[in-house]
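Here is the structure we will look at, set down as structure tokens.
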Amino acid sequence: MSIARGITSRAHPLWFAYVLHRLSGLGLALFLPLHFWVLALAMTDPARLDGFLHLTEAGVMKLAEFGLVFLLAVHMFGGLRLMALEFLPWSPSQKTLAAGAAALSFLIAALFFLKAI
Amino acid sequence: MSPKTLKVTIDRGRCADGAQTVFDVPAYENQTVLDVVSWVQQNADPTLSYRFACRVGMCGSCAMMVNGVPRWTCRTHISKVLAGNEVTIGPLRNLPVIKDLAVDMDPFFDKWVAAEGVHHGELTRNDPIAAVNETSEGRTTANAGIECINCSVCYAACDTVAGNSDYLGPAALQRAWTLLNDAKDEGRLAILDAVSGSGGCHNCHSMGSCTLYCPNELDPMSAIAGLKRETAKSFFRKGR
Chain A
417 MSIARGITSR AHPLWFAYVL HRLSGLGLAL FLPLHFWVLA LAMTDPARLD
467 GFLHLTEAGV MKLAEFGLVF LLAVHMFGGL RLMALEFLPW SPSQKTLAAG
517 AAALSFLIAA LFFLKAI
Chain B
1299 MSPKTLKVTI DRGRCADGAQ TVFDVPAYEN QTVLDVVSWV QQNADPTLSY
1349 RFACRVGMCG SCAMMVNGVP RWTCRTHISK VLAGNEVTIG PLRNLPVIKD
1399 LAVDMDPFFD KWVAAEGVHH GELTRNDPIA AVNETSEGRT TANAGIECIN
1449 CSVCYAACDT VAGNSDYLGP AALQRAWTLL NDAKDEGRLA ILDAVSGSGG
1499 CHNCHSMGSC TLYCPNELDP MSAIAGLKRE TAKSFFRKGR
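Top line first, the protein sequences correspond to chains A and B.
Here the first sequence is numbered in the numbering used here, starting from 417 and rising by one per residue.
Here the second sequence is numbered in the numbering used here, starting from 1299 and rising by one per residue.
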């Protein structure tokens, strides 16, 4: 009960943005050593690397890849958000407009890119 | 108004020692959280300790945690915070409790001084009074933060303060920011030095609870962002 009360006082968008940024950062930090270890297999044990790369065809790995890209995107935009929030002395409405424009451009560029590949 | 009663739980922490913590308080149409606490103290348990002075939102002494949220209790209507007919009232977070609802504000005020939240004047009484341009950018920026009543609501709301007892906190840093932008204050170097240390503005994670809960609708988070910009600029310029 007291924990739930503690959280209600923090349940607002900026606090969730902080938590999301922190958790995605932790997730990426856990992923990176694994990532480098698998890459290092190319030098130490190519056969094992091939076996591992076959795993990436599995549905569960596709899902994990989606999760990874999601973490990257969340963390990158979270970082951009923080820098805009702290280092651009703009008014909140200017920031909202800029964020909206950036999100829209990103969406259009991503759609174009998906169509191209 | 019908003779309804409110179920009021008062978090008395270690001080309780078997003292009553749940009270039935008569409900009135116009009743603030402070009125409820006062009713308990005057009619149910005279040993209940709490702090207040002006009752009109000027002195900043009656802040408490109300249902887990820091609030100025004298200007918070009970109907705004009731869950059903229940409410839980506790001492402010992040400060040592003296007894019941009264916390020791010393760490909070010490940090104002540590953040150089004091006037740094260079003129004497013999100098002419310097004119202040009310529409200048610096004055406008300073004005945005000067209505702070030192209630410590932002300090209690801040998770960074909870995690790092050296962190100066939103109120002290906001005062440093207003002084940095004050044409009459000559403490620029001292302020930048004080707010860029280990407990300084760069600890802030911009969670924004200070700005969300400030009863005077000030924006300490943006003030701290201003300090981050100024300290970063002075760092890259080397010499300040």
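Cβ coordinates follow ideal geometry from the N, Cα and C atoms, glycine included.
A quick note: this is a predicted structure, and the numbers were derived from the prediction, not measured.
Who are the neighbours of residue i on chain A, taking C-beta pairs under 9 Å?
i: aspartate 1457 of chain B; result: Arg426, Trp431, Tyr434
i: serine 1507 of chain B; result: Ser425, Arg426, His428, Leu430, Trp431
State the DSSP-derived secondary structure class of residue i, mapped to helix, strand or coil.
i: phenylalanine 1350 of chain B; result: coil
i: glutamate 1420 of chain B; result: coil
i: valine 1430 of chain B; result: coil
i: leucine 504 of chain A; result: coil
i: arginine 1369 of chain B; result: strand
i: glutamate 1384 of chain B; result: strand
i: lysine 1302 of chain B; result: coil
i: lysine 1539 of chain B; result: Past the boundaries of the shown model lies residue 1539 of chain B; chain B is included only from 1299 to 1538, so the question cannot be answered.
i: tyrosine 434 of chain A; result: helix
i: alanine 1481 of chain B; result: coil
i: histidine 1375 of chain B; result: strand
i: alanine 1342 of chain B; result: helix
i: threonine 1319 of chain B; result: coil
i: alanine 474 of chain A; result: coil
i: isoleucine 524 of chain A; result: helix
Does the ligand GDP have a heavy atom nearer than 7 Å to the CB of residue i?
i: alanine 1342 of chain B; result: By its list of ligands, the structure shown contains no ligand whatsoever, and the ligand GDP lies outside what it can speak to.
Whose Cβ in chain A lies nearer than 8 Å to the Cβ of residue i?
i: arginine 1527 of chain B; result: Glu502, Phe503, Pro505
On a CA-only basis, which of the options is nearest residue i? Give me that one, please.
i: proline 1394 of chain B; options: B:Val1367, B:Gly1382, B:Ser1450; result: B:Ser1450
i: serine 484 of chain A; options: A:Leu448, A:Phe432, A:Arg438, A:Ala532; result: In the sequence as displayed, the identity of residue 484 of chain A is leucine instead of serine. Out of A:Leu448, A:Phe432, A:Arg438, A:Ala532, A:Leu448 has the C-alpha closest to the C-alpha of leucine 484 of chain A.
i: histidine 1375 of chain B; options: B:Gly1388, B:Arg1353, B:Asn1392; result: B:Arg1353
i: phenylalanine 1321 of chain B; options: B:Asn1448, B:Val1367, B:Val1334; result: B:Val1334
i: lysine 511 of chain A; options: A:Lys478, A:Arg497, A:Tyr434, A:Val454; result: A:Arg497
i: alanine 1440 of chain B; options: B:Ile1522, B:Gly1355, B:Phe1406; result: B:Ile1522
i: cysteine 1357 of chain B; options: B:Asn1365, B:Trp1370, B:Thr1345; result: B:Trp1370
i: asparagine 1479 of chain B; options: B:Gly1415, B:Tyr1511, B:Asn1514; result: B:Gly1415
i: lysine 1531 of chain B; options: B:Ala1325, B:Ser1494, B:Tyr1326, B:Asn1448; result: B:Ser1494
i: phenylalanine 493 of chain A; options: A:Ala463, A:Ala514, A:Glu473; result: A:Ala514
i: glycine 1388 of chain B; options: B:Ser1359, B:Ile1308, B:Ala1412, B:Ser1520; result: B:Ile1308
i: phenylalanine 1407 of chain B; options: B:His1418, B:Lys1397, B:Cys1446; result: B:Cys1446
i: asparagine 1514 of chain B; options: B:Cys1372, B:Val1306, B:Ala1492; result: B:Cys1372
i: asparagine 1448 of chain B; options: B:Val1411, B:Gly1419, B:Ala1492; result: B:Val1411
i: histidine 491 of chain A; options: A:Trp506, A:Ile524, A:Arg464, A:Leu436; result: A:Leu436
Going along chain B, which residues have a C-beta under 7 Å from residue i?
i: leucine 498 of chain A; result: Ser1504
Should residue i go down as buried or exposed, given a rule of 16 or more other Cβ atoms within 10 Å for buried?
i: proline 1426 of chain B; result: exposed
i: alanine 528 of chain A; result: For the sequence presented, residue 528 of chain A should be read as phenylalanine rather than alanine. With fewer than 16 Cβ atoms within 10 Å of its Cβ, phenylalanine 528 of chain A is classed as exposed.
i: glutamine 1318 of chain B; result: exposed
i: alanine 420 of chain A; result: Unreliable positioning characterises alanine 420 of chain A in this predicted model, as indicated by a pLDDT of 48, which lies under 50. The coordinate reading is nonetheless provided below. It counts as exposed.
i: methionine 1362 of chain B; result: buried
i: asparagine 1424 of chain B; result: exposed
i: aspartate 461 of chain A; result: exposed
i: arginine 438 of chain A; result: exposed
i: serine 1529 of chain B; result: Here the sequence assigns threonine to residue 1529 of chain B, which means serine is not the residue at that position. Flag for threonine 1529 of chain B reads buried.
i: serine 1336 of chain B; result: buried
i: leucine 1516 of chain B; result: buried
i: glutamine 1340 of chain B; result: exposed
i: proline 429 of chain A; result: exposed
i: alanine 1544 of chain B; result: In this structure chain B extends from 1299 to 1538, so residue 1544 of chain B is not present and cannot be described.
i: serine 440 of chain A; result: buried
i: alanine 532 of chain A; result: exposed
i: methionine 1519 of chain B; result: buried
i: isoleucine 1489 of chain B; result: buried
i: alanine 433 of chain A; result: buried
Cβ closer than 7 Å: which chain A residues qualify as neighbours of residue i?
i: alanine 1523 of chain B; result: Leu501, Glu502
i: leucine 1477 of chain B; result: Those within 7 Å of leucine 1477 of chain B in chain A number zero; the least Cβ separation is about 18 Å.
Would you kindly work out how many angstroms separate the C-alpha atoms of residue i and residue j, rounded to a whole number?
i: glycine 1498 of chain B; j: alanine 1470 of chain B; result: 10 Å
i: leucine 444 of chain A; j: serine 1507 of chain B; result: 26 Å
i: alanine 526 of chain A; j: phenylalanine 482 of chain A; result: 15 Å
i: leucine 442 of chain A; j: serine 1347 of chain B; result: 43 Å
i: aspartate 1464 of chain B; j: serine 509 of chain A; result: 34 Å
i: lysine 1409 of chain B; j: glutamate 1435 of chain B; result: 27 Å
i: threonine 1303 of chain B; j: asparagine 1383 of chain B; result: 8 Å
i: glutamine 1329 of chain B; j: leucine 1390 of chain B; result: 21 Å
i: lysine 478 of chain A; j: leucine 469 of chain A; result: 12 Å
i: alanine 1442 of chain B; j: tryptophan 1475 of chain B; result: 10 Å
i: phenylalanine 503 of chain A; j: glycine 1524 of chain B; result: 8 Å
i: cysteine 1502 of chain B; j: cysteine 1452 of chain B; result: 13 Å
i: proline 1368 of chain B; j: leucine 1399 of chain B; result: 12 Å
i: histidine 364 of chain A; j: aspartate 1483 of chain B; result: One cannot answer for residue 364 of chain A here, as it falls past the ends of chain A, which runs 417 to 533.
i: alanine 1429 of chain B; j: proline 1468 of chain B; result: 30 Å
i: phenylalanine 486 of chain A; j: alanine 1342 of chain B; result: 56 Å
i: serine 507 of chain A; j: leucine 1510 of chain B; result: 17 Å
i: valine 1541 of chain B; j: valine 1323 of chain B; result: No answer is possible for residue 1541 of chain B: it lies beyond the span of chain B, which begins at 1299 and ends at 1538.
i: valine 1306 of chain B; j: alanine 427 of chain A; result: 23 Å
Residues of chain E with CB closer than 8 Å to the CB of residue i, please, in chain order.
i: leucine 1510 of chain B; result: In the structure shown, chain E does not exist; the protein chains are A and B.
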